[in-house]
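Structure record follows, encoded as structure tokens.
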Amino acid sequence: MATTEADVLGRYERRLTEKYRFGLHVIIDHMSCLVSLLHHAQTELKSLEALAQKKLPQMLPFLNLVHDKINVVTQATPLFLGYDHLLAYIKILQQEKQSFDPRPQPWNALRLYDTDYQDQFATKVDVFTTLTQELDVHVREFHVQVERHASLLQLLSQKREAMYAILQQVQNQQLPTNLKKHKAELKGLYERSLVKYKQALQAGPIKLEKQIQHEIRHFTAHLRSMVLPHWRVCHTVRRANAEVSPESPLSSRQLELVEAFISVVMHLHDHVGDFCSTAMKKQTFLDQVTAFEMVATNDWFVVCTSPLKLNFHEPLDQPLFGAYCDDLQHRMNELHTLRNSNKFQSAVAHCEASRVDVGRCFLKVEHSYVP
748 MATTEADVLG RYERRLTEKY RFGLHVIIDH MSCLVSLLHH AQTELKSLEA LAQKKLPQML
808 PFLNLVHDKI NVVTQATPLF LGYDHLLAYI KILQQEKQSF DPRPQPWNAL RLYDTDYQDQ
868 FATKVDVFTT LTQELDVHVR EFHVQVERHA SLLQLLSQKR EAMYAILQQV QNQQLPTNLK
928 KHKAELKGLY ERSLVKYKQA LQAGPIKLEK QIQHEIRHFT AHLRSMVLPH WRVCHTVRRA
988 NAEVSPESPL SSRQLELVEA FISVVMHLHD HVGDFCSTAM KKQTFLDQVT AFEMVATNDW
1048 FVVCTSPLKL NFHEPLDQPL FGAYCDDLQH RMNELHTLRN SNKFQSAVAH CEASRVDVGR
1108 CFLKVEHSYV P
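Encoded structure:
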């Protein structure tokens, strides 16, 4: 992954803070305290908003303002402890801290709280009174400490600016002489690579594979629709926890075929692609169908000795089903032969190379410098 100017500068800022951490510990402590205060207020704000929504809607404009101001202060929190960065942060705190004070609000000054929730409202609102008072104290102390450590903080700022100047110089040396022309060339390269990729997808072997896959999906969908009545019966049998009556004349082999058919059909209903495997074992499946239809037609499924009336009168058209299976096998063999052919593998390799080239050209366009 390419390393950007911002990545390098960010790592350098963290390295500076780590190097001078002992001299900065007072500043870091104050920053942590301020962040903690705002985080606590944000947590309380969420629960107070929910309460006010139901019981004191006239409080909502104030809460919305507090929410916005906390976001402003949070977004302004400096990631680097430079002198100018911290002074800008202190200025924003001084400007916004009074917005958190609920005391001038009429609903608070007159204690116009919902009587059933008076204590709950008072406790939560006092959080913001305390926040305002603590911010008054902490911001003043923080400002004093920033000025006391000004020489160290200014040194950090100077080192950061020096690194930024070096990065800018390196960037300018790497820029093409004609940036607009360079970006246009990259865009043209990307568009040409995209055309080549689209052409690669239209290769004969690739199109033939898609056509065969479409035909296979067509056959499996037809096979699924043909056994749909059987699936409904199987679904009913499973839900009713029914079993074949012990008094039925079926042999143990036929009973096994019935149980196997129920399991197979329940599975195939949700996994249509597995009809490809069924087609390879067509005769076994048709034997299972015959045994199952004999039981379903004669109402030999019972629940606690009581016959399960299924009214099954839709036997499978076995010759047609078998013909679909034969066609499906033929298409699968064609697909297998195609995928193992040199022409197909060469076309796939060309498509993959074209796709990679498109991605590479796209990244070049994205990362090109904006004039």
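Just so you know, we're using my numbering here: the sequence shown kicks off at 748 and counts up by one.
Note that the Cβ used here is the ideal one computed from N, Cα and C, for glycine as well.
Quick caveat, the model's predicted, so the values are computed rather than measured.
Span of the alpha helix (DSSP H), counted from its first residue to its last, around residue i
{"i": "Phe966", "result": "951-973"}
{"i": "Val755", "result": "752-766"}
{"i": "Arg850", "result": "From DSSP, Arg850 is part of no alpha helix (DSSP H); its letter is neither H nor E."}
{"i": "Pro1066", "result": "1065-1086"}
{"i": "Met806", "result": "First-last for Met806: undefined, no H or E at that position."}
{"i": "Asn1058", "result": "Neither: Asn1058 is in no alpha helix (DSSP H) and is coded neither H nor E."}
{"i": "Val773", "result": "772-802"}
{"i": "Asp1017", "result": "999-1017"}
{"i": "Glu1040", "result": "1029-1044"}
{"i": "Ser1101", "result": "1089-1114"}
{"i": "Leu833", "result": "830-843"}
6 angstroms CB neighbourhood of residue i in its chain, flanking five on each side removed
{"i": "Phe1039", "result": "Val1005, Phe1008"}
{"i": "Leu807", "result": "Ala799"}
{"i": "Phe809", "result": "Gln852"}
Range covered by the beta strand (DSSP E) that runs through residue i
{"i": "Val1050", "result": "1048-1050"}
Supposed contact pair residue j and residue i - C-beta distance, whole angstroms, cut 8 angstroms
{"i": "Leu756", "j": "Thr764", "result": "That pair is no contact at about 13 angstroms."}
{"i": "Lys934", "j": "Val1112", "result": "6 angstroms"}
{"i": "Leu878", "j": "Tyr767", "result": "The Cβ separation is near 30 angstroms, so there is no contact."}
{"i": "Ser779", "j": "Gly829", "result": "Contact doesn't hold; Cβ gap of about 17 angstroms is too wide."}
{"i": "Phe1091", "j": "Pro952", "result": "4 angstroms"}
Neighbourhood of residue i by C-beta distance below 8 angstroms, restricted to the same chain and skipping five residues each side
{"i": "Gln960", "result": "Leu1082"}
{"i": "Met748", "result": "A caution first: Met748 carries a pLDDT of 39, below 50, which makes its placement in the model too unreliable to give a value."}
{"i": "Glu1099", "result": "none"}
{"i": "Tyr944", "result": "Cys1098, Ser1101, Arg1102, Asp1104, Val1105"}
{"i": "Gln813", "result": "Just to set this straight, residue 813 is Val in the shown sequence, not Gln. Closer than 8 angstroms at Cβ, skipping near neighbours: Ala788, Leu792, Ser846, Phe847, Phe875."}
{"i": "Leu1055", "result": "Thr983, Val984, Ala987, Ala989, Asp1046, Phe1048, Val1049"}
{"i": "Glu760", "result": "Leu826, Phe827, Arg907"}
{"i": "Gly1069", "result": "Lys1029, Leu1033"}
{"i": "Met973", "result": "Leu1063, Asp1064, Leu1067, Phe1068, Tyr1071"}
Any non-hydrogen atom of the ligand GTP closer than 8 angstroms to residue i Cβ
{"i": "His965", "result": "You won't find the ligand GTP in this model; it holds no ligand whatsoever."}
Chain-order list of residues whose beta-carbon lies under 7 angstroms from that of residue i (same chain, five-residue window excluded)
{"i": "Val782", "result": "Thr824"}
* Pairing CB atoms from the segment 973-984 with CB atoms from the segment 1041-1057, are three or more of them under 8 angstroms? -> yes
* Any 3 or more C-beta pairs closer than 8 angstroms across the segment 1045-1055 and the segment 980-999 -> yes
* Does the segment 834-852 touch the segment 875-892, meaning 3 or more C-beta pairs lie closer than 8 angstroms? -> yes
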